[in-house]
Every structure is written in C-alpha cells, then in structure tokens.
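Each remark here refers to the structure printed beneath this line.
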Amino acid sequence: GNELGSLWVKVGHFRTVPSSSEVYPCTFEEAACPGGNTTGDDLCSDGYEGPLCDSCEDSYYFDSYAMECVTCSNPQVVVPLIVIGSIVLVIGGVVAYNYKYNYEYW
Numbered sequence: 017g018n019e020l021g022s023l024w025v026k027v028g029h030f031r032t033v034p035s036s037s038e039v040y041p042c043t044f045e046e047a048a049c050p051g052g053n054t055t056g057d058d059l060c061s062d063g064y065e066g067p068l069c070d071s072c073e074d075s076y077y078f079d080s081y082a083m084e085c086v087t088c089s090n091p092q093v094v095v096p097l098i099v100i101g102s103i104v105l106v107i108g109g110v111v112a113y114n115y116k117y118n119y120e121y122w
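Residue 33 in my numbering sits at position 17 of the sequence shown, with consecutive numbering throughout.
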C-alpha cells in the first residue's frame with residue numbers, strides 16, 4: 017500500500033526505520049544499498065552495515081582500490097599454503113646448502 021512502512025527505497029539510498037520519511041543517499045551507492053522495502057542494516061548489501069551502509073561487517077575489509085567491502089580470505093585455505101610454502105623454502109635451503117658444501121670442497 018501507500019503506508020510509510022511499506023514504501024520502496026530506491027537503489028543507492030538508505031532509510032533508518034520504517035516510520036522515517038527521510039531517505040538518504042548511501043556513501044557507497046549501489047554497491048552498498050541495493051534498495052528495497054526494508055530499512056536499516058537489512059537494506060545493506062552483504063558485507064555492509066551501519067548508518068548509510070558505510071561500514072564493513074565483521075570478516076569483511078574495505079578495499080580502497082575497488083571502493084567496496086570485500087570478504088576476508090578464508091584462514092582454512094591460507095594457513096596450509098603458508099605451511100607448505102615454509103616447508104618448500106626449508107627443503108630448498110637445505111638442498112642449496114648441501115649442493116654448495118659438496119661441490120665447493122670436493
């Protein structure tokens with residue numbers, strides 16, 4: 017209907033509560049505010065929160081190059097890569113040391 021609480025908010029805009037007649041432009045425009053007939057954080061895209069959807073949610077960070085909130089890397093993927101990379105470096109160092117030691121003195 018035409019009740020204030022059910023009015024549709026345009027893409028790129030934010031409304032704090034259903035009873036508010038004030039609609040504000042979002043800080044990050046369409047990326048943060050997809051529009052809809054909801055209000056507050058429910059009006060924000062995934063990864064955004066707060067007034068005007070201008071903050072990143074937990075487990076997101078603000079990418080200043082892309083000018084958007086981006087999900088943080090999955091630690092379940094990063095940790096094994098660091099461990100494997102460290103093992104490869106240690107083995108490479110041992111091989112290089114042995115190669116130098118064996119061919120320099122013999």
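All C-beta atoms, glycine included, are put in the ideal place defined by N, C-alpha and C. Fair warning: this is a prediction, and the values are worked out from it, not measured in the lab.
With respect to the 7 Å criterion, Ser61 and Ala82 are not classified as neighbours on the basis of their beta carbons.
Note: Thr87 is bridge-paired with Tyr76 in the DSSP secondary-structure output. Membership of Glu46 in the alpha helix (DSSP H) is indicated by the continuous run Glu45 to Ala48. DSSP places Gly52 within a strand segment (E or B) once states are collapsed to three. For Cys72, same chain residues with a beta-carbon under 7 Å away, outside a window of 5 residues either side, are Gly63, Tyr64, Phe78 and Cys85 in chain order. Counting the other CB atoms within 10 Å of its CB gives Val25 a total of 16 or more, which places it among the buried residues. Straight across, the Cα-Cα distance linking Pro96 with His29 is about 42 Å. Burial of Cys42 is indicated by the presence of at least 16 other C-beta atoms within 10 angstroms of its C-beta. With fewer than 16 other Cβ atoms inside 10 Å of its own Cβ, Leu20 counts as exposed. One Cα belongs to Asn114, the other to Ile100, and the distance between them is close to 21 Å.
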